[in-house]
Amino acid sequence: RARERAAEEPLEGSDLASSAVPAVSTRAGVVAVGESGASVVVCAPTIGLREFRFTATFGAKAEQAAVYERSLRPLVVDLLNGRSGCLLCFGQTGSGKTFTMSGPDEAAATSLGMGVVLDGAAGLVPRALRELLDARDARRGAHNLASEIRVSFVEVYGDDVTDLLHDGDGPARIGAWRGVAARAIAE
1 RARERAAEEP LEGSDLASSA VPAVSTRAGV VAVGESGASV VVCAPTIGLR EFRFTATFGA
61 KAEQAAVYER SLRPLVVDLL NGRSGCLLCF GQTGSGKTFT MSGPDEAAAT SLGMGVVLDG
121 AAGLVPRALR ELLDARDARR GAHNLASEIR VSFVEVYGDD VTDLLHDGDG PARIGAWRGV
181 AARAIAE
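When the letters of the sequence shown are read in order and numbered with full-length UniProt numbering, they come out as residues 1 to 187.
Printed below as a string of C-alpha cells:
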C-alpha cells in the first residue's frame with residue numbers, strides 16, 4: 001500500500017524525508033528502505049539503481065480508515081468539487097489489492113443492498129461511496145441540489161478486462177484490452 005509522491009509535494013524538510021537503513025540483499029538485487037518508508041532504493045544487476053519515493057506507505061497492519069484518509073479521501077473531495085477521478089490499485093497477485101479496495105469478505109457483504117454499511121474493516125471503495133452518498137444527500141437537503149454519481153469498476157488482469165459491476169445480462173468479460181477505451185462498462 002503505497003502512493004507515489006507527487007512532484008509538487010516537498011520531500012526536503014518534511015516528515016517524509018528518508019535516511020537509509022541497512023540494505024537487504026535478495027536474489028534479485030539489493031533493496032534499501034528509508035527509515036520513514038518514504039523511499040525505496042533497488043539495485044538489480046540487469047536494471048541498475050532505481051529510487052522510488054512515496055508520499056505515504058502503509059504497513060500490513062494499517063487500519064483501513066487511515067489508508068482511506070491518507071490516500072483516497074483527497075480524491076473524493078475533488079470529486080465533490082466537480083472534478084473527475086480515478087482510483088487505480090496495482091500490484092502482484094496476493095499483495096492485498098482486493099482487501100484494500102473492498103475489505104474482507106464480511107465487510108463487502110454488508111455493503112450490498114440499498115445502503116453502504118461500514119465497519120472498521122471496510123475497504124476504500126465502500127468508504128468512498130458512503131462519503132459520496134452522504135455528501136449528495138446533504139447537498140440535496142441543504143441546497144436542493146440535484147446530482148448524478150456514476151461509477152465504473154473494472155479489473156484488468158493481463159489482457160482481459162472484466163466489468164465488476166456486471167448484473168448478469170450479457171458478458172461480464174469485456175474482452176482483450178485494445179487501446180485506451182473499454183466499451184459497454186456498467187455504471
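Beta carbons: idealized from backbone N, C-alpha and C, even for Gly.
Computed from a predicted structure; not experimentally measured.
Where residue i sits in the DSSP three-state scheme
{"i": "V21", "result": "With a pLDDT of 43 at V21, under the threshold of 50, the modelled position of that residue is not reliable, and no figure is offered here."}
{"i": "V41", "result": "strand"}
{"i": "E51", "result": "strand"}
{"i": "A135", "result": "helix"}
{"i": "G163", "result": "Checking the sequence shown, residue 163 turns out to be Asp, not Gly. In this structure, D163 counts as strand in the three-state DSSP scheme."}
{"i": "A146", "result": "coil"}
{"i": "V76", "result": "helix"}
{"i": "D119", "result": "coil"}
{"i": "L129", "result": "helix"}
{"i": "R140", "result": "helix"}
{"i": "R83", "result": "coil"}
{"i": "T100", "result": "helix"}
{"i": "S71", "result": "helix"}
{"i": "L88", "result": "coil"}
Within 9 Å, strictly: CB atoms of residue i and residue j
{"i": "residue 189", "j": "L80", "result": "The structure shown has nothing for residue 189, since the chain only spans 1 to 187."}
{"i": "L75", "j": "A128", "result": "yes"}
{"i": "L87", "j": "L124", "result": "yes"}
{"i": "R70", "j": "A56", "result": "yes"}
{"i": "D167", "j": "V154", "result": "no"}
{"i": "I103", "j": "P126", "result": "The amino acid occupying residue 103 in the given sequence is Gly; Ile does not appear at that position. Yes; because the gap between Cβ atoms is below 9 Å, this pair is in contact."}
{"i": "R136", "j": "S147", "result": "yes"}
{"i": "F54", "j": "A38", "result": "yes"}
{"i": "G96", "j": "A60", "result": "yes"}
Span separating the alpha-carbon of residue i from that of residue j
{"i": "F52", "j": "V42", "result": "8 Å"}
{"i": "R139", "j": "C89", "result": "30 Å"}
{"i": "V67", "j": "F99", "result": "12 Å"}
{"i": "P45", "j": "D119", "result": "45 Å"}
{"i": "R50", "j": "F58", "result": "21 Å"}
{"i": "R150", "j": "S84", "result": "10 Å"}
DSSP bridge partner residues for residue i (one or two, in chain order)
{"i": "A62", "result": "Partner(s): none; A62 has no beta bridge."}
{"i": "Y157", "result": "D160"}
Residue-chain proximity (residue i, chain C), Cβ-Cβ < 9 Å
{"i": "A62", "result": "Among the chains of the structure shown, chain C does not appear; only one protein chain is present."}
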